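Take any residue in the sequence shown, count from 1 to its spot, add 3: that is its number in this note's numbering.
Following: one structure in structure tokens, then a few remarks.
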Amino acid sequence: MVRPFSSFQWYKGVDLADFDARMEANYRDIRFLFSLLYGNRRDSHLSFKKLMEALRENYHSRPDELRQIDIQRELDPGWFLSNRLVSTMLYVDQYAGNLKEFLKKIPYLRELGINVVHLMPLLKCPAGNNDGGYAVSDYHRIDERYGSMEDLRRIAWELRKEKMYLILDLVVNHTSDEHEWAKRARSGDPYYQNYYYMFDDRSIPDQFEETFPEIFPEAAPGNFTWIPEIKKWVMTVFHNFQWDLNYTNPTVFIEMVKILFFLANQGVDIVRLDAVPYLWKKIGTTGQNLEEAHIILRLMRLCAEIVCPGVLFIAEAIVQPEEIVKYFGTDEFAGRESHLAYHASLMVFFWDAIATTNSRMLRKGLENTPPNPQGTGWLVYIRCHDDIGLGFSDRDAREVGYDPFLHRKFLQEYYTGKFPGSSARGSLFMFNPKNQDARISGTTASLVGLEKALEEGNRLEIDICIRKIILLYSLVMSIDGLPILYYGDEVGYTNDYFYRNHPVHRYDNRWMHRPKIDWDKVERRKIEGSVENRIFTQIKRLISIRKSSPEFSGDSSFRLIDPENEHVFSCLREKEKRRTLVLANVSGERQFINSSILHGSGLLEHVFDKFSGNAPAKKSGKIILEPYSFYWLSEAE
């Protein structure tokens, strides 16, 4: 094999030894993947040369401190699977106002036990239509509403000092229509028009439309937008102000890789790659999960393995479970695509368990989830910035006795409070009258009924709702993966309805679960017996126990246990000689489990609950679980 830069030992004063060794290890695969995408183009050789130059230039510009971190993480490639990591995600403006003010909130996150921080989209975007920051107009600038790139570098440095990690979004599928590339395309420049999917008439767009679904059928029907200035149709799968990038053009790939390196070189530890299932489009397909999309991600990953191998990739792929797992890589590239992926189906299973008061779907869904490759991990969560898409597998629903269509309708009605007996306060998002599909918006607290209970001053219901919140987070903290605590959940934030008066946000009810933090409310966590105190202290304890339990790490054994009671979920976490049996009662009734489950899990009869510190309640040879309670059962050390 010809080593592309073997004649350079030093480049602009930087030793290329590590760069050259990584290139030696990855060059063949990079060349192979690049040729799969672009090998049939006349400019393929020139484009590949430009890619190689981009790798060297960005390695050279990577700060020495970050190069040293890369080396440390190469020696411990599974560092991110540690049980000691707990993540949060938040909007800087809603949380603290701007980046400088956010710096002052780091001690609060440290108090809670958070050490992985996802700052939601910060890059420059239009003031109006920006899809919550996911319509980027400049990838090299922080939006002035939040601060500057210098502020971001300062935050990255402060987090490193506290042994914390920074996650940032990279929107790879599309740009804002106000991005410089889009402006030049709109002005008639054919070079930049080729950065996007543009067509002179509807003949080709109509062929795409035959099989492409609509992502936002209410707000943005169709997948193409007419641009009158140039009399062309541009592909806009999400919103009409988000133009889809054309990755059949190698220049687009190279530009986005360079942007990835730029963000990594600011000190970002983990890059969340947004909307990755949509990266490649073909007529006659849904335009999602195509093999070429995976090739793009693998190629990006290998390029990063050379320039910034300490940086992780998160695949934002909210698709069916059998498709999600492919974003870790398959076959010879297993474990070489994304390091982490959102376990979106698991989130739905959690909410299904609360609504149905049984664990059938939760258990079946986990049974049917394909195993992820070694050295990769799931992100486990209850809520995030997005809606709850009821994307469980129809097969899972049928196997536990549900009609998939009717069960989705039930969940829609339950979490919008329309189902008899439901106290949830969610809202439907993007209802599609063609197929009756809809997603659900709302905060954790409002979806479990806390908003309603607080309004009514019903102390009993408040207690039940708090139990539900802690139960859900006990599962997040103990099921296989890196847990995410969504901002505001730790103090029981309910829906924020101020979005209805916002000129842009009022059309997007997801903003009800993107609350503006009132720090006076957060201070109430210090008032004994307050709702905020009760939730905060228990979640903080969950995090603390997780950090002291190696069996909760992402590289430990995870095994489902049959509790012989559909209202109880059970799993065993094990690492070396450490075992914890998780029992979770997802119903509002007291449940009983045969004590023989302990022996079947390899535990002695005398165990204690890690959370309470007490032995589990028992009666007549059965373990008792109170409504919406859980046990983390382990042997005394």
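Built from N, CA and C at the ideal position, the CB exists for glycine as well.
Since this is a predicted model, take the numbers as computed values, not measurements.
Quiz item: Using 8 Å as the Cβ pair cut-off and three pairs as the minimum, do the segment 359 to 366 and the segment 557 to 569 touch?
Solution: yes
Practice problem: Quick one: grab the DSSP three-state call for Y168. | Solution: Translated into positions along the sequence shown, residue 168 becomes position 165. Strand, per DSSP.
Quiz item: When DSSP labels each residue in this structure, what does F422 get in the three-state scheme?
Solution: Position 419 of the sequence shown, counted from the start, is the residue given in the question as residue 422. Note: F422 maps to coil in three-state DSSP.
Quiz item: Going by DSSP, which residues form a beta bridge with P469?
Solution: By 1-based counting over the sequence shown, the position of residue 469 is 466. First, the residue type needs correcting, since residue 469 is Ile and not Pro in the sequence shown. Its beta-bridge partners do not exist; DSSP assigns none.
Practice problem: Name, in chain order, the residues that DSSP records as bridge partners for W381. | Solution: Reading the sequence shown from its first residue, position 378 is the one you call residue 381. According to DSSP, which records beta bridges pairwise, W381 is partnered with A344.
Quiz prompt | Beta bridge counterpart(s) of Q245 as assigned by DSSP | solution = By one-based count along the sequence shown, residue 245 stands at place 242. Beta-bridge partners of Q245 (DSSP): S179.
Exercise. Use the C-beta contact count for S426: other C-beta atoms within 10 angstroms, 16 or more gives buried, fewer gives exposed.
Key: Taking the sequence shown and counting its residues from 1, the one referred to as residue 426 is at position 423. With 16 or more other Cβ atoms within 10 Å, it is buried.
Self-check item: Rounded C-alpha distance that separates N133 from Y510
Solution: As a working mapping, residue 133 is identified with position 130 in the sequence shown. As a working mapping, residue 510 is identified with position 507 in the sequence shown. Cα to Cα, N133 sits roughly 13 Å from Y510.
Exercise. Let me know if S632 comes out buried or exposed under the rule of 16 or more other beta-carbons within 10 Å of its beta-carbon.
Key: Your numbering for residue 632 matches position 629 in the sequence shown. That one is buried.
Self-check item: Through-space distance from S556 to C468, alpha-carbon basis
Solution: As a first step, residue 468 is located in the sequence shown; it is residue number 465 there, counting from the start. As a first step, residue 556 is located in the sequence shown; it is residue number 553 there, counting from the start. C-alpha of C468 to C-alpha of S556: approximately 28 Å in a straight line.
Self-check item: F83 to G135 span [Cα, whole Å]
Solution: Looking up residue 83 in the sequence shown gives position 80. Looking up residue 135 in the sequence shown gives position 132. Cα-Cα distance, rounded: 28 Å.
Quiz item: Per DSSP, N597 forms a beta bridge with which residues?
Solution: Here the question's residue 597 lines up with position 594 in the sequence shown. For N597, which the question treats as bridged, DSSP gives the partners K625.
Quiz prompt | V5 versus N29 - alpha carbon distance | solution = Your numbering for residue 5 matches position 2 in the sequence shown. Your numbering for residue 29 matches position 26 in the sequence shown. Because V5 carries a pLDDT of 43, less than 50, the predicted location of this residue cannot be relied on, and no value is offered for it.
Self-check item: Simplified DSSP state of C306, which is helix, strand or coil
Solution: Walking along the sequence shown from the start, residue 306 turns up at place 303. Correct three-state label for C306: helix.
Practice problem: Report back the beta-carbon spacing between F202 and K234 to the nearest angstrom; my notes put them in contact at under 8 Å. | Solution: Counting from 1 along the sequence shown, the entry for residue 202 is found at position 199. Counting from 1 along the sequence shown, the entry for residue 234 is found at position 231. Actually they do not touch by this definition, with Cβ atoms about 10 Å apart.
Exercise. Please report how far the alpha carbon of H505 lies from the alpha carbon of R31, in whole angstroms.
Key: Start at 1 with the first residue of the sequence shown, and residue 505 comes out as number 502. Start at 1 with the first residue of the sequence shown, and residue 31 comes out as number 28. For H505 and R31, the distance between alpha carbons rounds to 52 Å.
Self-check item: Euclidean distance between Cα positions of R59 and C306
Solution: Position 56 of the sequence shown, counting from 1, holds the residue named residue 59. Position 303 of the sequence shown, counting from 1, holds the residue named residue 306. Distance between the alpha carbons of R59 and C306 is about 10 Å.
Quiz prompt | Proximity to L122 [Cα-Cα], best of S140, G287, W283 and L488 | solution = As a working mapping, residue 122 is identified with position 119 in the sequence shown. Among S140, G287, W283 and L488, the Cα nearest to that of L122 is on L488.
Quiz prompt | Proximity winner among Y418, S560 and G313, relative to V351 (alpha-carbon distances) | solution = To locate residue 351, count along the sequence shown from 1; it is residue 348. Checked all of Y418, S560 and G313; the closest Cα to V351 is Y418.
Quiz prompt | Reference F22, options N43, A448 and E56, closest by Cα | solution = Position 19 of the sequence shown holds residue 22. Closest option to F22, Cα to Cα, is E56.
Quiz item: Leaving out five residues before and five after R528 in sequence, what residues of the same chain have Cβ atoms less than 7 Å from its Cβ?
Solution: Within the sequence shown, the letter at position 525 stands for residue 528. Correct list, in chain order: V494, E535, N536 and F539.
Quiz item: Near D483, what residues of its chain come up, given a Cβ to Cβ distance below 6 Å and the 5 sequence neighbours on each side ignored?
Solution: The residue labelled residue 483 in the question sits at position 480 within the sequence shown. Answer for D483: F561, listed in chain order.
Practice problem: Between the Cα of R87 and those of I117, A99 and K108, spot the shortest distance and give me the residue it belongs to. | Solution: To locate residue 87, count along the sequence shown from 1; it is residue 84. Considering only alpha carbons, the answer is I117.
Quiz item: From I170 to R156, what does the alpha carbon distance come to, in whole angstroms?
Solution: In the sequence shown, residue 170 corresponds to position 167, counting from 1. In the sequence shown, residue 156 corresponds to position 153, counting from 1. Going from the Cα of I170 to the Cα of R156 covers about 13 Å.
Self-check item: Status (buried if at least 16 other CB within 10 Å, exposed otherwise) for Q210
Solution: As a working mapping, residue 210 is identified with position 207 in the sequence shown. That one is exposed.
Self-check item: Coarse secondary structure for L125, derived from DSSP in three states
Solution: On the sequence shown, position 122 is the one that residue 125 refers to. Of the three classes helix, strand and coil, the one that applies to L125 here is coil, per DSSP.
Practice problem: Select from R144, C574, K621 and D499 the residue whose C-alpha is nearest the C-alpha of E454. | Solution: Indexing the sequence shown from 1 puts residue 454 at position 451. When only C-alpha atoms are compared, the closest one is D499.
Exercise. Grab me the residues of D73's own chain with a C-beta within less than 7 Å of its C-beta, minus the 5 sequence neighbours each way, in chain order.
Key: Taking the sequence shown and counting its residues from 1, the one referred to as residue 73 is at position 70. Excluding residues within five positions, the ones whose Cβ falls inside 7 Å are C311, P312 and G313.
Self-check item: Beta bridge counterpart(s) of D612 as assigned by DSSP
Solution: Residue 612 sits at position 609 when you count from the first residue of the sequence shown. Answer is L636.
Quiz item: Would you say P486 and V383 are within 8 Å of each other, going by their C-beta atoms?
Solution: One-based indexing of the sequence shown puts residue 486 at position 483. One-based indexing of the sequence shown puts residue 383 at position 380. In this structure, V383 lies closer than 8 Å to P486 by Cβ.
Quiz item: Considering only C-alpha positions, which residue in the set E161, Y41 and W246 is nearest to N176?
Solution: Residue 176 sits at position 173 when you count from the first residue of the sequence shown. Nearest of E161, Y41 and W246 to N176, Cα basis: W246.
Quiz prompt | Residues near N243 by beta carbon distance below 7 Å, same chain, minus five either side | solution = What you label residue 243 is simply residue 240 of the sequence shown in a count that begins at 1. Only A223 and T228 meet the Cβ criterion.
Quiz prompt | Span separating the alpha-carbon of A639 from that of R582 | solution = Stepping through the sequence shown from its first residue, residue 639 is reached at position 636. Stepping through the sequence shown from its first residue, residue 582 is reached at position 579. In this model, A639 and R582 are separated by some 10 Å (Cα to Cα).
Quiz item: Between the segment 212 to 221 and the segment 283 to 292, are three or more C-beta pairs nearer than 8 Å?
Solution: yes
Practice problem: Compare the C-alpha of R470 against each of D192, G460, G491 and T447 and name the closest. | Solution: Against the sequence shown, residue 470 aligns to sequence position 467. Per the Cα distances, T447.
Quiz prompt | Closest residue to S573 among K550, I548, P553 and L601 (Cα-Cα distance) | solution = As a first step, residue 573 is located in the sequence shown; it is residue number 570 there, counting from the start. Minimum Cα distance to S573 is reached at L601.
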